[in-house]
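**Q** My questions all concern the structure below.
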Amino acid sequence: MEQPKAQSGKVVTITAPAAEKIKEFMAEEDGNPQYLRIYVQGGGCSGLSYGMGFEKEAEEDDRVIEENGVKVLVDSMSIDHLNGANVDYIESLMGSGFKINNPNVTKSCSCGSSFSTE
Numbered sequence: 000m001e002q003p004k005a006q007s008g009k010v011v012t013i014t015a016p017a018a019e020k021i022k023e024f025m026a027e028e029d030g031n032p033q034y035l036r037i038y039v040q041g042g043g044c045s046g047l048s049y050g051m052g053f054e055k056e057a058e059e060d061d062r063v064i065e066e067n068g069v070k071v072l073v074d075s076m077s078i079d080h081l082n083g084a085n086v087d088y089i090e091s092l093m094g095s096g097f098k099i100n101n102p103n104v105t106k107s108c109s110c111g112s113s114f115s116t117e
């Protein structure tokens with residue numbers, strides 16, 4: 000399968016700290032993944048939730064974004080919900096993890112793991 004070319008037009012941006020952590024996690028994965036997939040799925044108390052996972056290949060309907068040395072896949076169904084989102088990695092006394100700052104969110108639940116858009 001031919002690899003799609005990375006496209007400009009930032010659907011999702013990846014901060015430098017997030018990119019470093021993604022590269023670290025990818026290096027620990029079996030199977031030599033090439034991409035981080037970020038997607039939106041139905042679920043949670045506000046209707047939608049985020050998902051992330053590693054992939055070896057892009058699908059035909061994926062948008063490929065390359066930033067800070069990380070190749071990110073976003074499927075055609077998730078693009079509208081993620082357009083303009085920023086992925087960061089936060090380390091604090093309360094814990095550490097990825098944080099998605101999404102300008103499309105109109106409502107989110109109190110636990111912060113689900114959201115809705117217009």
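First residue of the sequence shown: 0, per numbering that gives the first Met the number 0; consecutive thereafter. Every residue, glycine too, gets a C-beta built ideally from N, C-alpha and C.
1. In the DSSP output, which residue or residues are listed as bridge partners for residue 66?
2. In chain order, what are the residue ranges of uninterrupted beta strand (DSSP E) at least 3 long that sit wholly in the segment 15-41?
3. Taking only three categories from DSSP, how would you classify residue 92?
4. Would you decide whether residue 26 is buried or exposed? Buried here means 16 or more other CB atoms lie within 10 Å of its CB.
5. Taking DSSP's pairing of strands, which residues face residue 84 in a bridge?
6. Please classify residue 89 as buried or exposed, where buried requires at least 16 other C-beta atoms within 10 Å of its C-beta.
**A** For this structure:
1. Reading the sequence shown from its first residue, position 67 is the one you call residue 66. 69.
2. 34-41
3. As a working mapping, residue 92 is identified with position 93 in the sequence shown. Of the three classes helix, strand and coil, the one that applies to residue 92 here is coil, per DSSP.
4. Within the sequence shown, residue 26 is the residue found at index 27, counting from 1. That one is exposed.
5. Locating residue 84 in the sequence shown gives position 85, where the first residue counts as 1. According to DSSP, residue 84 bridges with 11.
6. The residue labelled residue 89 in the question sits at position 90 within the sequence shown. Exposed.
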